[in-house]
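One structure is given below, encoded as structure tokens.
Protein chains in written order, with this note's numbering: chain A, 321 to 651; chain B, 221 to 440.
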């Protein structure tokens, strides 16, 4: 397989070096702990928002650091939790009297690392709260989790919490925002291919040319079912039904609708999916107040996408609309 | 009452590294009887890093040193043993924060805090056939003793751990990979308990404390 890789062992620090070089005015970092932080954090009057997980999901998590988004993030090796010392140093790097909100996607490895890091930080007198994100409706338990997985809905938690913190909300208020988003966001994905970690050099699971994994996880973990591939509209219908029926979202609800690419899907295909999803949402009486089409939480080079819906109220709509800046930009 | 200095604890850690590294294959073989056979290698990988880093790490206080050991365990010990052993060292380090020597009561508190942390992290309780079945009775034994003679204390806790090997041999594992084989885990020793007992017996040897191990796994 052909990839832009030097020594696979240096893949993560090398791409982080690139992120830092491309955002020298905004970010600084510590490659020893695979950590990136906002230059202007910590601030005594602003809650810091921290996240970290395995690499391979970019732009989550380090490319989501910036004003109105995360204050700092660290990443482990590809698809592996960051080590405890990295989590601890990341919390410490943005610790402030206003407190730190630690956002953790629900995976056993991540939870264990962040639990330990939070205990250590609290023992040092750092004020913090931890929140667990679990928006994936595909499976209740998986090979990587007890309970539901945290996937692309993570973006909305980061965005809303980041906006609230930027506006000066206190730690309890920012935590309540995380809770509200997580309670109202649902996601399901589909994979058409496997993905290739640079250190492994080949696909991490087998899937036929005519097959798709419905409910696939962002590390290629199995989802609900292996099925024959169908036309885009029919696949979109499957994703939409799974998400819409889970909450449920009711006629008249205002929603944010996201079609997230898993890393190997061309933008045009994501818009084919969005066209159908938007029509299904309209048919269900939903009002799409905000939309997101692109890559937010990927699985390396997997061909596939996920559909996320967030039910909005005035508070969340305002937080999503607030200005933000991070390493991902088109202008 | 006798006290333990930071230098003595560093020495005991160094002896522990040698024990774990020397038993890499044996502990994995024991784990292979009911688990996935990686315990010895997982532990040794981390303790090789501890052995190498120990001379240079922060020794301003016992707590600081143990927190650093905890970080190394979490980062370099593989599988579930990393967070488990890392949590144990972390909790012991929190109780000994800022101290450069400890007495018997503080030692007892460190073990108590470590086992509470391990229970919270892994969700195991006494009787689940994990290293807690050695640590809990060790903590109870420490609470009974006054600690006036360190050698007597060491021999007593080594005996408790030694006995835990045979007392738990017949149990069915309820945690970790061994729990997935159900009844097949009965009549195998728990490698975590053997690990604790082996470390304590090696401390006895190193410090010239007279103790004769009983369990077969300590005389292999």
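Each residue gets a CB set at the ideal place from its N, CA and C atoms; glycine is no exception.
Values in this document were obtained by computation on a predicted structure and should not be read as measured data.
Endpoints, the beta strand (DSSP E) within which residue i is located
i                      : result
residue 394 of chain A : 392 to 398
residue 450 of chain A : 448 to 453
residue 325 of chain A : Segment: none, residue 325 of chain A is in no beta strand (DSSP E) and carries neither H nor E.
residue 420 of chain A : 420 to 425
residue 545 of chain A : 545 to 548
residue 610 of chain A : 607 to 614
residue 533 of chain A : 531 to 534
residue 362 of chain B : From DSSP, residue 362 of chain B is part of no beta strand (DSSP E) but of the alpha helix (DSSP H) over 352 to 364.
Close Cβ partners of residue i (< 8 Å) along its chain, the five nearest in sequence each way excluded
i                      : result
residue 331 of chain B : 312, 355, 358, 359, 362
residue 241 of chain B : 264, 267, 268, 271
residue 237 of chain B : 267, 268, 270, 271, 274
residue 339 of chain B : 345, 352
residue 487 of chain A : 642
Candidates the options, of which the one nearest residue i by Cα
i                      : options                    : result
residue 324 of chain B : B:335, B:345, B:366        : B:366
residue 416 of chain B : B:403, B:405, B:404, B:433 : B:433
residue 376 of chain A : A:545, A:517, A:441        : A:517
residue 310 of chain B : B:328, B:227, B:284        : B:284
residue 514 of chain A : A:543, A:601, A:569, A:503 : A:543
residue 367 of chain A : A:539, A:415, A:432        : A:415
residue 587 of chain A : A:457, A:613, A:395        : A:613
residue 380 of chain A : A:408, A:534, A:479        : A:479
residue 288 of chain B : B:298, B:308, B:299        : B:308
residue 641 of chain A : A:482, A:600, A:615        : A:482
residue 541 of chain A : A:471, A:345, A:552, A:497 : A:471
residue 429 of chain B : B:382, B:369, B:248        : B:369
residue 372 of chain A : A:421, A:536, A:361        : A:421
residue 442 of chain B : B:256, B:317, B:290, B:435 : Here chain B comprises residues numbered 221 to 440, so residue 442 of chain B is not present and cannot be evaluated.
residue 449 of chain A : A:561, A:458, A:437        : A:437
residue 616 of chain A : A:456, A:342, A:378, A:365 : A:378
For residue i, the first and last residue of its enclosing alpha helix (DSSP H)
i                      : result
residue 553 of chain A : 552 to 566
residue 331 of chain A : 331 to 342
residue 373 of chain A : From DSSP, residue 373 of chain A is part of no alpha helix (DSSP H) but of the beta strand (DSSP E) over 368 to 375.
residue 414 of chain B : 411 to 426
residue 597 of chain A : 587 to 603
residue 284 of chain B : 282 to 296
residue 253 of chain B : 244 to 254
residue 631 of chain A : Unbroken run through residue 631 of chain A is the beta strand (DSSP E), 624 to 631; no alpha helix (DSSP H).
residue 443 of chain A : 428 to 443
residue 388 of chain B : 370 to 388
residue 412 of chain A : 404 to 413
residue 328 of chain B : 324 to 342
Cβ shell of residue i (< 6 Å), same chain only, five flanking positions each side left out
i                      : result
residue 573 of chain A : 606, 631
residue 452 of chain A : 424, 426
residue 619 of chain A : 515, 538, 582, 583
residue 447 of chain A : 419
residue 454 of chain A : 426, 467, 468, 470
Residues near residue i by beta carbon distance below 7 Å, same chain, minus five either side
i                      : result
residue 646 of chain A : 383, 384, 385, 386, 389
residue 235 of chain B : 422, 423, 426
residue 625 of chain A : 509, 510, 579, 580, 581, 582, 585, 590, 593
residue 232 of chain B : 423
residue 418 of chain B : 239, 243, 438
Presumed contact (8 Å Cβ cut-off) between residue i and residue j, rounded CB distance
i                      : j                      : result
residue 309 of chain A : residue 608 of chain A : Residue 309 of chain A falls outside the range modelled here, since chain A spans only 321 to 651, and no answer is possible.
residue 320 of chain B : residue 225 of chain B : 7 Å
residue 412 of chain A : residue 393 of chain A : Not a contact, Cβ separation roughly 14 Å.
residue 346 of chain A : residue 359 of chain A : 6 Å
Burial state of residue i (16 or more Cβ within 10 Å)
i                      : result
residue 222 of chain B : exposed
residue 327 of chain A : exposed
residue 548 of chain A : exposed
residue 303 of chain B : buried
residue 550 of chain A : exposed
residue 651 of chain A : exposed
residue 591 of chain A : exposed
residue 321 of chain A : exposed
residue 294 of chain B : buried
residue 504 of chain A : buried
residue 403 of chain A : buried
residue 460 of chain A : exposed
residue 391 of chain A : buried
residue 296 of chain B : buried
residue 356 of chain A : buried
residue 284 of chain A : As displayed, chain A neither begins before 321 nor continues past 651, which places residue 284 of chain A out of reach and without an answer.
residue 337 of chain A : exposed
residue 643 of chain A : exposed
residue 405 of chain B : buried
residue 250 of chain B : buried
residue 474 of chain A : buried
The ligand FAD heavy atom lying under 7 Å from the CB of residue i
i                      : result
residue 359 of chain A : The ligand FAD is not among the ligands present in this structure, which contains no ligands whatsoever.
Partners in chain D for residue i, counting only beta-carbon separations shorter than 7 Å
i                      : result
residue 303 of chain B : No chain D appears in the structure shown, which is made up of the protein chains A and B.
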